[in-house]
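S.K.:
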Amino acid sequence: MNTKPDLLVVGTGIFGLTIAERVANELGRNVLVIDKRDHIGGNSYSEFDKETGIECHKYGAHLFHTSDEKVWEYVNRFTKFTNYVHKVYTTHESEVFSMPINLGTINQFFHSAMTPDEARAKIIEQAADAPDKPKNLKEQGISLIGKPLFEAFIMNYTAKQWQTPAEELSPEIIKRLPVRYNYDNRYFNNSHEGLPVDGYEQLFKNMIAVGNRGAGSVEVRLGIDYFDDEEIQKLRDVKITTIFTGPIDRFYDYQFGELKWRSLDLKKEIVDVHDFQGCPVMNYADLIPEYTRIHEFKHFHPERANDPDKWPGYAEDYDKTVIVREYSKTWQRGDEPYYPVNTIKDQERLAKYQELAKKDENIIFGGRLGEYAYYDMDKTFASALELFERLHP
Ligand code: FAD
Ligand code: UDP
């Protein structure tokens, strides 16, 4: 792109690439997208491990699931999805239970054979002390599943994961998990679920591939931090809109204080066994071990075992596997901001930053970091598509 772009997008994550694709394809405009990382895709990026050829999600496991028909139609323009259905298990006091909490978990935990109605009655009895309108994660958790199950499967896992007392966390966090009074142990309730057949990076490449740009263009420049590049920052002075998908508090130099984030340490290991744990994700509900879960990536693509010539790392006789132990940590400057903690104080700070942003010309904040929102991938696609429609109805 030799001339000035019509739009600058900071961040090649889902939000940034969706805006870039829409503006280039629908409006025939020229978009410049920068990222400080050396790859596109933001936190949803995955790469193929060099030694084993197994696809590893670099920033933690990413499972695509949605009930939003618009988003499902949109992503299917760029990739086919496998029919993967996510299932999770959890280890508590040396015993493995299925997660999210379902009739199987409940009966195993209470060594019982209750029917759905009996189990429901028992949980209501055990949740009797919970307030009608739960104000925080602890109250919400107890009201959903009663105290004993909350203490076994949620309390310590949440303490490890958020390093913030459950009394200070939003009740919304725990509402993400379904509770079922049948033996259905699907992790998600959505109508569509699956993984990109050729991996996430291919999905992102397809979004901005030549055939998907209409008359417009998308130029991606990697390894550029917005704050270190004065030329790029100056585009705003010449009235070129910037869509900023980095952290909003960083953009305003933390002048009202930092928004609280949770970060992760993801420790990868190649293990010399065909199958390490027998499932894609094993949670650890107790305070020991310190990691919250182990991901074993080959289980995300069981269909690849059917084509060992193309996917040797997934073959039934292949004796290596890649696992990642996930440790949670409080975010400090320099760490990757992964999850917004979103305490009351954070919400007050965010409101101040958003007030500033409203007065600021030629800048729009979007995505998980720009909006400080715990967005799943589908919500990020939806938010970017809504922004595009709002600006160009
Ligand atoms: P990001 O993906 O964070 O992209 C922002 C981009 O901006 C990054 O590439 C960053 O490098 C760049 N950037 C930031 N600042 C600058 C700067 N100053 N200069 C240049 N570039 C900059 N969703 C699901 O649906 N299913 C899941 O299973 C799932 N698992 C997840 C697991 C983890 C550990 C995390 C953290 C998230 C998970 N998500 C999941 C959510 C998913 O990652 C997000 O919805 C999605 O990545 C958000 O896209 P985004 O474009 O808003 O932000
Ligand atoms: N959670 C828990 N025990 C589990 C799984 C989840 O306590 O075994 C709680 C925890 O507080 C977590 C929330 O439920 O933050 C949402 O879980 P989810 O798996 O959706 O979190 P994510 O995949 O976003 O890390």
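Residue 1374 is where the sequence shown starts when you use the numbering used here, and the numbers rise one by one after that. Built from N, CA and C at the ideal position, the CB exists for glycine as well.
(1) By a C-beta neighbour count over all protein chains shown, 10 Å radius and 16 as the cutoff for buried, is residue 1706 buried or exposed?
(2) Leaving out five residues before and five after residue 1623 in sequence, what residues of the same chain have Cβ atoms less than 8 Å from its Cβ?
(3) Just tell me which of 1451, 1725, 1654, 1697 has its CA closest to the CA of residue 1579.
(4) Flag this pair as yes or no: are the beta carbons of residue 1637 and residue 1711 separated by less than 7 Å?
(5) Can you tell me whether residue 1564 is buried or exposed? The criterion is at least 16 other CB atoms within 10 Å of its CB, across all chains shown.
(6) Within 10 angstroms of its Cβ, does residue 1484 collect 16 or more other Cβ (buried), or is it exposed?
(7) For the candidate residues 1760, 1537, 1750, 1756, whose alpha-carbon lies nearest to that of residue 1414?
(8) Can you tell me the Cα-Cα spacing of residue 1643 and residue 1461, whole angstroms?
(9) In the DSSP assignment, the alpha helix (DSSP H) including residue 1445 goes from what residue to what residue?
(10) Report the CB separation of residue 1417 from residue 1386 in whole angstroms; it is logged as a contact under 8 Å.
(11) Considering only their Cβ atoms, is the gap separating residue 1534 from residue 1703 smaller than 7 Å?
(12) How big is the Cα-Cα spacing for residue 1669 and residue 1655?
(13) According to DSSP, what are the bridge partners of residue 1700?
(14) Going by CA-CA distance only, name the one from 1741, 1591, 1476, 1758 that's closest to residue 1558.
(15) State yes or no: is the beta carbon of residue 1566 nearer than 7 Å to at least one beta carbon in chain D?
(16) Quick check: what's the CA-CA separation for residue 1520 versus residue 1482?
(17) Which residue from 1604, 1532, 1432, 1727 puts its Cα closest to that of residue 1378?
(18) I'd like to know whether the C-beta atoms of residue 1456 and residue 1567 end up nearer to each other than 7 Å.
(19) May I ask you to report which of helix, strand or coil DSSP gives residue 1630?
(20) For the ligand UDP, any of its heavy atoms closer than 6 Å to the Cβ of residue 1534?
(21) Alpha carbons only, please: which of 1747, 1740, 1745, 1746 is nearest the one belonging to residue 1758?
M.R.: Taking the definition as stated:
(1) By the neighbour-count rule (16 or more Cβ atoms within 10 Å), residue 1706 is not buried but exposed.
(2) Sequence-distant partners of residue 1623 (beyond 5 residues in either direction) whose C-beta falls short of 8 Å from its own C-beta, in its chain, are 1600.
(3) The shortest Cα separation from residue 1579 among 1451, 1725, 1654, 1697 belongs to 1451.
(4) Closer than 7 Å, so yes.
(5) Per the 10 Å Cβ criterion, exposed.
(6) exposed
(7) From the listed residues 1760, 1537, 1750, 1756, the smallest Cα separation to residue 1414 is found for 1750.
(8) Looking at the two C-alpha atoms, the distance is approximately 21 Å.
(9) 1442-1448
(10) 7 Å
(11) No, the pair does not count as a contact, with Cβ atoms beyond the cut-off.
(12) 9 Å
(13) 1638
(14) 1476
(15) Of the protein chains in the structure, only one exists, and it is not chain D.
(16) 13 Å
(17) 1604
(18) Yes, they are a contact pair.
(19) The three-state reading of DSSP puts residue 1630 in coil, since its state is none of H, G, I, E or B.
(20) Yes, since a heavy atom of the ligand UDP falls inside the 6 Å radius drawn around the Cβ of residue 1534.
(21) Looking from the CA of residue 1758, the closest CA among 1747, 1740, 1745, 1746 belongs to 1740.
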